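K.L.:
Per the UniProt record's numbering, the very first residue in the sequence shown carries number 1; after that it's consecutive. Dumping the structure here so I can ask a few things about it.
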Amino acid sequence: MALEWVPLSKDDAGAVVELLAAIEVEDQAGENYGVDDIIDDFANPLVDMAEGTLGAWDGDRLVACGVLMARAAAEPVHQMGMWGGVHPGYRRRGLGRHLLDWGARTAPVLHGRRFPGQPLELHLYADDQNAGMRALTEAAGMAPVRWFRSMTRDLTAELPKVSPPDGLKIVPYGDDLEDAVREVRNAAFTDHWGSVRHTPETWRNGMIGISSFRQESSFVAQDGTGASVGILLTLHFEADTRVTGVREAWIQIIGTLREWRGRGVASALISHALTEFHAQGYRKAGLDVDADNPTGAFGVYTRAGFEVERSSTAYALRLA
Numbered sequence: 001m002a003l004e005w006v007p008l009s010k011d012d013a014g015a016v017v018e019l020l021a022a023i024e025v026e027d028q029a030g031e032n033y034g035v036d037d038i039i040d041d042f043a044n045p046l047v048d049m050a051e052g053t054l055g056a057w058d059g060d061r062l063v064a065c066g067v068l069m070a071r072a073a074a075e076p077v078h079q080m081g082m083w084g085g086v087h088p089g090y091r092r093r094g095l096g097r098h099l100l101d102w103g104a105r106t107a108p109v110l111h112g113r114r115f116p117g118q119p120l121e122l123h124l125y126a127d128d129q130n131a132g133m134r135a136l137t138e139a140a141g142m143a144p145v146r147w148f149r150s151m152t153r154d155l156t157a158e159l160p161k162v163s164p165p166d167g168l169k170i171v172p173y174g175d176d177l178e179d180a181v182r183e184v185r186n187a188a189f190t191d192h193w194g195s196v197r198h199t200p201e202t203w204r205n206g207m208i209g210i211s212s213f214r215q216e217s218s219f220v221a222q223d224g225t226g227a228s229v230g231i232l233l234t235l236h237f238e239a240d241t242r243v244t245g246v247r248e249a250w251i252q253i254i255g256t257l258r259e260w261r262g263r264g265v266a267s268a269l270i271s272h273a274l275t276e277f278h279a280q281g282y283r284k285a286g287l288d289v290d291a292d293n294p295t296g297a298f299g300v301y302t303r304a305g306f307e308v309e310r311s312s313t314a315y316a317l318r319l320a
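Right, here's the structure in full:
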């Protein structure tokens, strides 16, 4: 039976989860997702469901999919992301290349509506253990452009005790801090590769409004005036716990205003968060870090007891 290639719909979230679960069993990339996680992505206005998604169906079974996600800005290049995969039982049949070729054709169309005349790159991330994905990206003309480390921390071991710098306090994240925290994130990540400013809409749709965000496990460092100067925002993927049996707090964002860097703000936030994670029943903490992060973040995480668990690479294809 020939495969049917059609755009995905929000009703396909369950099928996407089943496909990604089958891929994870084979690839062991440490990525487990639930239906709510996929629905969050599909509901994001940066995803065009009609033109920016594609699925391959074998009868009522989804066997491959691709999703394009635009960025909030093209600063200085629009790095349009792509994620998806091919069921292990359907590999080596050209489905992955079909998806990448579709992405390379479609991305410029979607890009032109948002950022006409601006440069465009198609980006995807792959676990470094996935030799098949590496070969696929290279065959499609994509080049490695950035390297990342996934780090984890055992919360049952002794935890670091780091007090905030004089004049600072650490408070729980609250809805009243939404705008202030977004502004800290935008300012703190100005010199980070691939980072663009979040608007209130993209911040809510891509971070604090998604089902995996954990407000009670997120924290803000404030100075004596109540101004926010550092942030630590956390996600929890329930699907990951179902698969591994371990509750992991995933630190999605750590950021410190430039004028407060080098004074121990991030270390204090991490110390506070790890203690709270443990009290909340988490047994592991994790995060990703750019191997070339300009702020010395890797050393901060290492001193807090984080260890590298796996590595991944960002691949890019210049399209405009």
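Note that CB positions come from ideal geometry on N, CA and C, so glycine has one too. Just so it is clear, the structure is predicted and the values come from calculations on it, not from any experiment.
Please list, in chain order, all residues of the same chain as Phe148 whose beta carbon is under 8 angstroms from its beta carbon, the five residues on each side excluded.
P.N.:
Only Tyr125, Asp288, Val289, Asp290, Ala291, Ser311, Ser312, Thr313 and Ala314 meet the Cβ criterion.
K.L.:
Quick test of the definition: if touching needs 3 or more C-beta pairs under 8 angstroms, does the stretch 102-120 touch the stretch 240-254?
P.N.:
Verdict: no, contact absent.
K.L.:
Do the CB positions of Arg91 and Gln79 come within less than 7 angstroms of each other?
P.N.:
Going by C-beta atoms, Arg91 is not nearer than 7 angstroms to Gln79.
K.L.:
For Pro164, does the count of other Cβ atoms within 10 angstroms reach 16, so buried, or fall short, so exposed?
P.N.:
Classification of Pro164: buried, given that the 10 Å Cβ count is 16 or more.
K.L.:
Nearest to Gly132 by alpha carbon, out of Val162, Met151, Gly85 and Arg114?
P.N.:
Closest option to Gly132, Cα to Cα, is Gly85.
K.L.:
Please report the distance separating the alpha-carbon of Glu201 from that of Thr302.
P.N.:
Using only the alpha carbons, I get a separation of about 34 angstroms.
K.L.:
Excluding sequence positions up to five away, which residues of its chain have a Cβ less than 8 angstroms from the Cβ of residue 326?
P.N.:
Since the first residue shown for the chain is 1 and the last is 320, residue 326 is missing from the structure and cannot be characterised.
K.L.:
If you reduce the DSSP assignment to three classes, tell me which class Gln222 lands in.
P.N.:
Three-state DSSP puts Gln222 in a strand.
K.L.:
Identify which residue in Cys65, Ile39, Gln129 and Asn32 has its Cα closest to the Cα of Asp11.
P.N.:
Checked all of Cys65, Ile39, Gln129 and Asn32; the closest Cα to Asp11 is Ile39.
K.L.:
Cα-Cα, which of Glu238, Gly245 and Val300 is closest to Val265?
P.N.:
Ranking the options by Cα distance to Val265, first place goes to Val300.
K.L.:
Rounded to the nearest angstrom, what separates residue 326 and Ala2 at their Cα positions?
P.N.:
An answer regarding residue 326 cannot be provided, because it is not within the stretch 1 to 320 covered by the chain.
K.L.:
Going along the chain, which residues of its own chain have a beta-carbon closer than 7 angstroms to the beta-carbon of Ala180, five neighbours each way excluded?
P.N.:
Here the set comprises Ser228.
K.L.:
Do Ile231 and Val243 count as a contact pair if the criterion is CB distance below 7 angstroms?
P.N.:
No, the pair does not count as a contact, with Cβ atoms beyond the cut-off.
K.L.:
For Val17, I'd like the list of residues in its chain whose CB is within less than 7 angstroms of its CB, leaving aside the five on either flank, ordered along the chain.
P.N.:
Excluding sequence neighbours, Val17 sits near Tyr33, Gly34, Val35 and Ile38.
K.L.:
May I ask you to report which of helix, strand or coil DSSP gives Glu18?
P.N.:
Helix, per DSSP.
K.L.:
Measuring straight from C-alpha to C-alpha, what distance separates Glu121 and Phe115?
P.N.:
Whole-angstrom Cα-Cα distance: 12 angstroms.
K.L.:
Let's see if you can read the secondary structure: which residues bound the alpha helix (DSSP H) around Glu276?
P.N.:
It spans Val265 to Ala279 - the alpha helix (DSSP H) in which Glu276 sits, taken as one unbroken run.
K.L.:
Is the stretch 187-196 touching the stretch 148-157 in the sense that three or more CB pairs, one from each, lie closer than 8 angstroms?
P.N.:
These segments do not touch.
K.L.:
Given that a residue counts as buried once 16 or more other Cβ atoms are within 10 Å of its Cβ, and exposed if not, what is Glu216?
P.N.:
Per the 10 Å Cβ criterion, exposed.
K.L.:
Ordered along the chain, which non-local residues of its own chain (more than five positions away) have a Cβ less than 7 angstroms from that of residue 349?
P.N.:
With the chain covering only 1 through 320, there is no way to say anything about residue 349.
K.L.:
Whole angstroms is fine: what's the gap from Gly30's alpha carbon to Ser150's?
P.N.:
Using only the alpha carbons, I get a separation of about 10 angstroms.
K.L.:
What three-state label does DSSP hand Leu177 in the structure shown?
P.N.:
If DSSP states are grouped into helix, strand and coil, Leu177 belongs with the helices.
K.L.:
Between Leu95, Ala104 and Ala273, which lies nearest to Ala316 when the distance is taken from Cα to Cα?
P.N.:
The shortest C-alpha separation from Ala316 is found at Ala104.
K.L.:
Have a look at Leu269 and Glu75 and give me their C-alpha separation to the nearest angstrom.
P.N.:
Each residue's Cα considered, the two are about 29 angstroms apart.
K.L.:
Please report the residue range of the alpha helix (DSSP H) in which Ile251 lies.
P.N.:
Not the alpha helix (DSSP H): Ile251 falls in the beta strand (DSSP E), residues Glu248 to Thr256.
K.L.:
How should Arg113 be labelled, buried or exposed, when 16 other C-beta atoms within 10 angstroms of its C-beta is the threshold for buried?
P.N.:
Classification of Arg113: exposed, given that the 10 Å Cβ count is below 16.
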